[in-house]
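Worksheet: the structure to be examined is printed underneath.
There are 4 protein chains.
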Amino acid sequence: MSFPLTPGAEGLRARLFHIIFESDTPGAKAFDIALIVAILLSVAVILLGSVEIYAERYGHIFFYIEWAFTLLFSLELLVRLYCLERPTVYLKSFYGVVDVIAIIPTWLVLLMPGAHALVMVRILRVLRIFRILRLMEFVGEGRLLLDALKRSLRQILLFFSSILMVVTLFAALMYTIESPESGFTSIPMSIYWAIVSITTVGYGDIVPTTSLGKAITVILMLIGYSIIAVPTGVFSAQVIRSIREDRYSEEACPGCGHDRHEKRARYCLRCGTWLDENSEDPRKKAHKESSDDETPSEDK
Amino acid sequence: MSFPLTPGAEGLRARLFHIIFESDTPGAKAFDIALIVAILLSVAVILLGSVEIYAERYGHIFFYIEWAFTLLFSLELLVRLYCLERPTVYLKSFYGVVDVIAIIPTWLVLLMPGAHALVMVRILRVLRIFRILRLMEFVGEGRLLLDALKRSLRQILLFFSSILMVVTLFAALMYTIESPESGFTSIPMSIYWAIVSITTVGYGDIVPTTSLGKAITVILMLIGYSIIAVPTGVFSAQVIRSIREDRYSEEACPGCGHDRHEKRARYCLRCGTWLDENSEDPRKKAHKESSDDETPSEDK
Amino acid sequence: MSFPLTPGAEGLRARLFHIIFESDTPGAKAFDIALIVAILLSVAVILLGSVEIYAERYGHIFFYIEWAFTLLFSLELLVRLYCLERPTVYLKSFYGVVDVIAIIPTWLVLLMPGAHALVMVRILRVLRIFRILRLMEFVGEGRLLLDALKRSLRQILLFFSSILMVVTLFAALMYTIESPESGFTSIPMSIYWAIVSITTVGYGDIVPTTSLGKAITVILMLIGYSIIAVPTGVFSAQVIRSIREDRYSEEACPGCGHDRHEKRARYCLRCGTWLDENSEDPRKKAHKESSDDETPSEDK
Amino acid sequence: MSFPLTPGAEGLRARLFHIIFESDTPGAKAFDIALIVAILLSVAVILLGSVEIYAERYGHIFFYIEWAFTLLFSLELLVRLYCLERPTVYLKSFYGVVDVIAIIPTWLVLLMPGAHALVMVRILRVLRIFRILRLMEFVGEGRLLLDALKRSLRQILLFFSSILMVVTLFAALMYTIESPESGFTSIPMSIYWAIVSITTVGYGDIVPTTSLGKAITVILMLIGYSIIAVPTGVFSAQVIRSIREDRYSEEACPGCGHDRHEKRARYCLRCGTWLDENSEDPRKKAHKESSDDETPSEDK
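See below:
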């Protein structure tokens, strides 16, 4: 989604707009890089700030750095809004919301320091990286992936609901077999264990102790180990399809209605009709000149 | 499989049938959603009921809720049977059995409370979700997956029997090498360990202690890590095939017997024979009118 | 590989041969199933025999059962050799060696009981299952898989040697960083840890304790998590190729030398030459009869 | 990259060059094998030397062996440089740097023994194996893989940056939920845990203890379990593409500009133009001789 510049914007405003919202000029590129660095730094500060020893030693420094970044991002947001024709529209957009989320909590934290729980909200600013990804033309790739995901979505949903059923049944089974001492204190806990096992994570915090339990676990693990082939296979197939279809145009042939031609095709590959209506069929001319001579139309 | 409505059923009965057994009317859709919610809720109650602290505090509430759901499902089943022409046929079908299984145990549990072991049977009602999946047109996807699975079944069977042989041999080897103290108390136990390792689950409850044991473990893990490519590769290939064949009709060309035409093909792509017997070949007409003029038949 | 029956073998001998070495008659099928059951049972006995409590309680029974199976397999081997023209050839073949291995150790064990180490050799009889797989026409599937494996072998070798290099470097790095207390007592031990990590097994018996070590581990795990895509991708591609090529004949077209025709193709799909030299080209006849009428040859 | 031999090099020098830098003569092959054995042995010595018990017992032997290998590799490097026209160019190349790295540290270590930290640098000599891989014609395979990797690189980058965002968010969430006692002492630590979980490694050194934490972990594990399908699918698709394109030539057809012909194609598969300019189109002749007779050009 793009946001229009205020029409008839004077020099400064227009220049700011191009720098902030586009990425084709050197200035804009520099701004993007500066921005992503700033985001990563501010995230790094939050991460380090959560480490006790660093917090004790450099707590106050982090505090000032965070102040700086908050002011920086606030300023940036203000400039963004200043450039745009309809700021409110932007604020309601995904990127607008992320921008606000990236700022507000820090203000709160700075006003009432030590709001431990807010770290979660503050970290949300990593989402701003998506903007940069967008600018870095990763969108094309992303679209292809999303396209394939959309196609395989229902199959993967089916796959997951089946997994969850299997997991629930195995969990209930283990709950009845294993003793609570070995960690299977309830069905939800057993479900946690079953998912740890079927996803092949295997923490080992809950482990079967009875022989029967181990036998069932073996089955569950083999299911988890082999069933991963299903989403992978489905998704591979869909990616391949997406790549292939990228090569084909959607227009049907006027002659035979065949509608899977490579984009650069000039003749229908089924009935040979001339597809490109902008130019004339060379075979026509060829025919006028010579009829006994070898012409492409008869070759094929 | 579908179940016929009693022929000449009066208004109410017919209406109930459409609501319960179909999903194309708003009423039917609402019913499906209500049903799936009810199923999930009743499963949730069972799960929570297995957590001690909740059981102690809200045990009696869960008891009443379970009563309610049991009555609800029983009523639903009765209505289903009431709608159908041959109820017994339905009861013998997969969905019928699941419906009964979803009800009976609860009755037993309610009559003799605290039957801990029955939780396994009670949880079986999650299987009812399959019905909803069916209604949600997931069947198409499912068929495609099953189609691919059927195709790769023998290869995957071969894959598994090979894995089990490898696992057995490694297990016996580790049993002879490792000391019982480190958990390899018997070959079955070693097999459990070997599968935990080859599936990359790696609980860590049994772990090699000797250098030789560790060396063998390394080999086993590398096998498990790379061998997963086999079922995945096979399955991917089969899914791709299923998708592709979905595009082709099975009817052979009367001209040359070629039988892999796209469903929308009108000419045989090998010998050019007209495939659609419902309409007439445009080339015929074209020929009558003009023989020197460029006709699709000669283009190609 | 197949083994010839003694030529001019009298009734009994020939009948035995067909039952034992083939699997197309009911008798032969029954024999196969009986054999596989016997093999699995004898393996099961070995497995259970390694469990202490069972060994104590039913040790003597296992002893007798093993006697029985050993005699049975010995008898079977003798009959096999009796049927064949050149027994020695068979004994030198893979299946012959497996058959002998499946018997000898048990004799040794029975003569000097409690030879703990020999369990490894005794278990080798599971390999006999391969014979059954062969009879069950799994070979076709197996060939396809092996075909694809052979094709991707070098890439997968390259993949593995790269992994081992990465693993060695990471192991040496962790050995220098982590303290021996946390398990990194030597580079070989670190390599064991690195492989446990890169294969996503993650026992947790050796775990990084320093921050730097954890950071490096993160990189190693991400490598292991994503690099699995390489063998899978390569193998998938090769399986797809194998399946596709299965559809094509290797004979080149006499007209244009194109050599990728579907096995059921009758005309060369590039230059239209008639491929099946056993029958005559219908177009020829068609031409004789009528030249202005629509003929397949001109359609295409 | 290849390095030229000093022009007009006399016998010995030329012979050495062919033996060391090529691998088509028996002598060269022998040298390669000897070299790879030497490299592997010297690496093995380093590995064993890091094991305490071996170091104590055979420390001095390892010391001498290392001396031997160092002298050997130094000699080899000198000979290489002696053969080449521009030694400095070689020394600046990847292989040259690796060769030097493989020698220098050992010299240092031998002069100041027990430089524990240097083991990391010494192990770098495993990189020399790449040279052998190159000689073993693995390059072709490697190129195909790298080609596919390059193609899927951006998608996999996108994939990783998304994973890291997910991981950061989950880590921050768990840090706020879980107590430091259970290991979530800081966000970086939680990130370590999140990656251990999402990559399905699952050491189990840090594990959620609260119910809410376990619920979130379940989501994270399911994400990690299914998301692996993305890079695998992308990469599979790209490998398949690389293999396919390997079959096609890049030259466009002079007739219709179609530029995806199989390398062995002789006619353009879209417009039938003759592609091989070295020989003459057989259809031409066919036409001269007979016009009513069946000619390939009209067949198709």
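Chains as they are written, first to last, in full-length UniProt numbering: chain A, 1 to 300; chain B, 1 to 300; chain C, 1 to 300; chain D, 1 to 300.
The beta carbon of each residue, even a glycine, is placed where N, CA and C say it ideally should be.
Quantities reported herein were computed from a predicted structural model and do not represent experimental measurements.
The CB of K150/B never comes closer than 8 Å to any CB in chain C; the least such distance is about 13 Å. Going by beta carbons, V230/D and F159/D fall inside the 8 Å limit.
G59/B has a beta carbon lying at 8 Å or more from every beta carbon in chain D. Rounded to whole angstroms, the separation of the alpha carbons of T176/B and L75/C is 29 Å. In this model, I61/B and V45/B are separated by some 10 Å (Cα to Cα). Within a 10 Å sphere around the beta-carbon of A194/C sit 16 or more other beta-carbons, which makes this residue buried. At a Cβ-Cβ threshold of 8 Å, F170/A and L127/A do not count as neighbours.
Separation of I243/B and V167/A (C-alpha to C-alpha, rounded to the nearest whole angstrom) is 29 Å. Under a 10 Å Cβ-count criterion, S93/C is classified as exposed, with fewer than 16 other Cβ atoms of the shown protein chains found around its own Cβ. Relative to Y95/C, the option among P105/C, Q155/C, F21/C whose CA is nearest is F21/C. Between I187/C and I36/C, the C-beta gap is not smaller than 8 Å, which leaves the two residues out of contact.
Residue environment: D24/A is assigned as exposed (fewer than 16 neighbouring CB atoms within 10 Å of its CB, all protein chains considered). Check the Cα spacing between T217/C and each of S162/D, T199/D, A102/D: the tightest is with T199/D.
The alpha helix (DSSP H) runs lying completely inside the stretch 151-226 of chain C and spanning 4 residues or more are 187-198, given in chain order. Neighbours of T70/A across chain C, judged by C-beta separation under 8 Å, do not exist; the nearest C-beta is about 27 Å away.
Interface criterion not met: the Cβ of R86/D is under 8 Å from no Cβ in chain A.
What I240/A touches in chain B, judged by beta-carbon distance under 7 Å, is I240, going in chain order. Around the C-beta of R125/D, 16 or more other C-beta atoms lie within 10 Å, and the residue is accordingly described as buried.
For G183/B, there are no neighbours in chain C by C-beta distance under 9 Å, as the nearest C-beta there is about 11 Å away. Counting along the chain, no alpha helix (DSSP H) covers D24/D, and no H or E run does either. Sequence-ordered contacts of the stretch 195-226 of chain C with chain B read I195, V196, T199, T200, V201, G202, Y203, G204, D205 [C-beta pairs closer than 7 Å]. Shown here for Y54/C: same chain residues with a beta carbon closer than 6 Å to its own, the five before and five after excluded, namely L48 in chain order.
Apart from sequence neighbours up to five positions away, the residues of its chain that approach T106/D with a beta-carbon distance below 7 Å are E66, T70, R122, ordered along the chain. Listed by position along chain B, the residues whose Cβ is nearer than 8 Å to that of E52/C are T185, S186.
In terms of Cβ geometry, L108/C and V100/C do not form a close pair [threshold 8 Å]. Closer than 7 Å at the C-beta level to chain C, one finds these residues of the stretch 163-174 of chain B: M165, T168, L169, A172, L173.
C-alpha of S42/B to C-alpha of L72/B: approximately 11 Å in a straight line.
Closest in C-alpha terms to L145/B, from the list I39/A, V234/A, D147/A, A28/A, comes V234/A. Excluding five sequence positions before and after I191/B, the CB atoms of its chain that fall closer than 7 Å to its own CB belong to V167, T168, A171, given in chain order. In terms of Cα proximity to V207/B, the closest of T210/C, V207/C, Y203/C is Y203/C. Interface annotation, T232/B: in contact with chain A, CB-CB separation under 8 Å. Looking at I163/D, V97/D, R241/D, M165/D, the one whose alpha-carbon comes closest to that of R151/D is R241/D. For A28/C, the CB contacts under 7 Å within the same chain, skipping 5 residues up- and downstream, are H18, I19, E22 in chain order.
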